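Structure record follows, encoded as structure tokens.
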Amino acid sequence: LAGLKYFGAATDSPGQRERAGYEAQYAQYDAIFADPLEFGQTTPTNGQKWLFTEPSPGVFNFTEGDIVVSLAEKTGKLLRCHALVWHSQLAPWVEAKNETEWTKDEMREVIVRHITELMGHYKGKCYAWDVVNEALNDEDGGYRQSIFYKVLGEEFLRLSFKTAAEVDPSAKLYYNDYAIEWPKAVKTAGAQKIVKMLRDAGLRVDGVGMQAHLHADRHPTAAELEETMRGYVQAGAQEVAFTELDMRITIPVNETSLEWQKDGYQQVARACVKVKECVGITLWDFYDPFSWIPYTFPGKGAGLLWFEDFSKHSGYQGIIDTF
Ligand code: XIL
8 LAGLKYFGAA TDSPGQRERA GYEAQYAQYD AIFADPLEFG QTTPTNGQKW
58 LFTEPSPGVF NFTEGDIVVS LAEKTGKLLR CHALVWHSQL APWVEAKNET
108 EWTKDEMREV IVRHITELMG HYKGKCYAWD VVNEALNDED GGYRQSIFYK
158 VLGEEFLRLS FKTAAEVDPS AKLYYNDYAI EWPKAVKTAG AQKIVKMLRD
208 AGLRVDGVGM QAHLHADRHP TAAELEETMR GYVQAGAQEV AFTELDMRIT
258 IPVNETSLEW QKDGYQQVAR ACVKVKECVG ITLWDFYDPF SWIPYTFPGK
308 GAGLLWFEDF SKHSGYQGII DTF
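Have a look at this one:
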């Protein structure tokens, strides 16, 4: 693995998988997932999100998350856990009141309870937790106007990291976001600021997770990715990781776009090998029919490494050649 701690793939509990009607493919999918030569790490794509874990105030349900966590245990995979505080896939009750209706104290209690229960349930099992996900906006890399931010301001990040450090001292605490892979991106500067802000407040923040939902036809180079990672290390992160890697293509794919994709995957792998603080790479699932890309970005797809018929993209060998 050329110095990486892990190369992994996120996976979903069967009931949450993106494309229904693929039950006949599950056995083959499960065998590839389980193979330790393919993946040494996993992340639940959905099951630990607020929507599933605290559907009503103070009512916790770990069914979906537990499916993937026990699968990780059974197959001997390192586990990254995802995500504690995020504006998306949030339980509707959290947003049923607006910022004038929440008091700061109520919101503080809600955040602390959510982190305490969820992280407590998985205590000792997670190599890392995405403590706060996607706190930055796309326009200027400032803070996103989530309900958490609107009620508490920047304090919601400090409270989340402080609570997380207390609940599971053994888990690495990450700030995770997308569009923070390019060195000059506005959100890259924003993520650096978050790390500095937390550290200035005396809090523990161990890592920055670059989601890396990239595009085959305009991906960063290894040199650019290295510059970005060094920026996070300089800001005070002990480690960095590619946490949700995929490389979308305009469909239908052709030879050329698959070559671009292979190159994109190689740039990421090369950069991670080069930077000693880069602990690993996680694909956001590995089998194209279970990718979120086609549903979220119409016209795009084939972003992972296994096609629908289980043949492999050229990027698969491309990554292996890099290690
Ligand atoms: C995606 C899942 O893959 C989908 O199944 C779900 O419908 C939406 O969320 N950033 C994140 C991930 O942090 O949790 C998202 O996962 C993709 C973008």
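Count the sequence shown with mature numbering (1 follows the signal peptide of the UniProt record, and there is no 0) and you get residues 8 to 330, in order.
Heads up, the beta-carbon is just placed ideally off N, CA and C, and yes, glycines get one too.
As the structure is a prediction and not an experimental result, all values here were calculated from the model.
In the three-state reduction of the DSSP assignment, residue 264 falls in the helix class. Buried is the label assigned to residue 61, since at least 16 other Cβ atoms lie within 10 Å of its Cβ.
Taking a 10 Å sphere around the C-beta of residue 272, we find 16 or more other C-beta atoms and assign the residue as buried. For residue 16, the enclosing beta strand (DSSP E) starts and ends at 13-16.
For residue 24, the CB contacts under 6 angstroms within the same chain, skipping 5 residues up- and downstream, are 297 in chain order. Approximately 6 angstroms separates the beta-carbon atoms of residue 47 and residue 14; this is inside 8 angstroms, confirming the contact.
By the neighbour-count criterion, in which 16 or more other beta carbons inside 10 Å mark a residue as buried, residue 44 falls on the exposed side. Residue pairing of residue 179 in beta bridges, as defined by DSSP: 135.
Between the segment 151-171 and the segment 83-96 there are three or more C-beta pairs closer than 8 angstroms, enough to call the two in contact. Under the DSSP assignment, residue 121 falls in the alpha helix (DSSP H) whose first and last residues are 111-128.
For residue 29, the three-state secondary structure derived from DSSP is coil. The alpha-carbon separation between residue 85 and residue 10 amounts to approximately 16 angstroms.
Per DSSP, the unbroken beta strand (DSSP E) holding residue 93 starts and ends at 85-93.
Not one heavy atom of the ligand XIL lies closer than 7 angstroms to the C-beta of residue 262. Contact check for residue 251 against residue 291 passes: the beta carbons are separated by less than 8 angstroms. As DSSP reads the structure, residue 140 sits in a beta bridge with 93, 183.
Contact between the segment 139-153 and the segment 107-114 is absent: fewer than three C-beta pairs spanning the two stretches fall below 8 angstroms. Secondary structure note for residue 67: it is in no alpha helix (DSSP H), with a DSSP letter that is neither H nor E. Here residue 168 is near residue 210, since their CB atoms are less than 8 angstroms apart.
Just so you know, the alpha carbons of residue 321 and residue 204 end up roughly 41 angstroms apart. Restricting attention to 303, 30, 275, 19, the CA atom closest to the CA of residue 54 is found in 19. Beta-bridge pairing by DSSP links residue 294 to 313. Set against 7 angstroms, the gap from the CB of residue 96 to the closest heavy atom of the ligand XIL is smaller. For residue 53, the distance from the CB to the nearest heavy atom of the ligand XIL is below 7 angstroms.
Note on geometry: alpha-carbon atoms of residue 38 and residue 104 lie some 45 angstroms from one another. In this structure the segment 216-236 touches the segment 250-268; the number of beta carbon pairs closer than 8 angstroms is three or more. In this structure, the straight-line span from the alpha carbon of residue 295 to that of residue 72 is close to 22 angstroms.
The Cβ atoms of residue 213 and residue 180 lie closer than 8 angstroms to each other. DSSP, read as helix, strand or coil, puts residue 149 in coil. Non-local beta-carbon contacts of residue 29 in its own chain, meaning distances under 6 angstroms to residues more than five positions away in sequence, involve 296 in chain order.
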